[in-house]
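Worksheet: one structure, shown below.
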Amino acid sequence: DLKEVRDFLERFAGAHPDVYEKYRSAWKEVREVRNDLSHCGYRERFADPDEVIEKLNTHFANLREIHDAIKNMQS
């Protein structure tokens, strides 16, 4: 239920604004990289595919770290 998810996020954001902001900005970066890949020619925008993979790995590592922090706070 989306309302439950939205309510949880609002409560969480109120209780842990710093963690919530890190989570939001990390997801925003992941979306930007994904949009870069889909909207412009992949080869034109990124000369080196390893650069893209490295960016995504960094962003997902950040998200994993934040997700684990949230789980630890809940337990």
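Numbering follows the numbering used here, with no gaps: position 56 of the sequence shown is 42.
Note that beta-carbon positions come from the ideal geometry of N, C-alpha and C, so glycine has one too.
These numbers were taken from a predicted model, which means no experiment stands behind them.
A straight line joining the alpha-carbon of residue 9 with that of residue 49 spans about 6 Å. Counting only the Cα atoms, residue 6 lies some 8 Å from residue -5. Sequence-distant Cβ neighbours of residue 12 in its own chain, meaning closer than 8 Å and more than five residues away, are 45, 48, 49, 52. In this structure, the CA atom of residue 40 is about 29 Å from the CA atom of residue 59. Less than 7 Å divides the Cβ of residue 19 from the Cβ of residue 42.
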